[in-house]
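Chemist: Each residue of the sequence shown is one higher than the last, beginning at 1 in the UniProt record's numbering.
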Amino acid sequence: MKRGLLAGFSEILQEIWSSWLVFQKFFKKIWGSGSVSWLGVSSTLWFSSTFSLVLTSFPEEFALKLSQGVRISTRHLA
């Protein structure tokens with residue numbers, strides 16, 4: 001069961017990351033390479049809004065997956 005939760009959590013993160021990369025490429029094409037600061041600001045805002053949307057949409061599942069992931073990673077550190 002822990003592997004299933006961790007796999008679900010990693011799928012969520014992969015979806016967020018891949019959609020962020022697509023957004024970043026799209027924004028670079030619109031603004032060009034000269035406006036890196038605008039790209040950084042807009043991508044940060046977009047990533048934080050997407051992350052908060054995931055948290056508000058699936059709060060119980062996300063918290064459970066996050067706690068499982070933290071437990072697994074801290075176990076490897078010990």
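We put the beta carbon where it would ideally sit given N, CA and C, even for glycine.
Do the CB positions of T50 and I16 come within less than 7 Å of each other?
Modeler: Translated into positions along the sequence shown, residue 50 becomes position 50. Translated into positions along the sequence shown, residue 16 becomes position 16. Yes.
Chemist: To the nearest angstrom, report how far apart residue 133 and W20 are at their CA atoms.
Modeler: Any answer about residue 133 is impossible in this case: the structure gives the chain only from 1 up to 78.
Chemist: Measure the CB-CB distance between W46 and F26 and report whether it falls below 7 Å.
Modeler: The count along the sequence shown starts at 1 and reaches residue 46 at position 46. The count along the sequence shown starts at 1 and reaches residue 26 at position 26. No; because the gap between Cβ atoms is not below 7 Å, this pair is not in contact.
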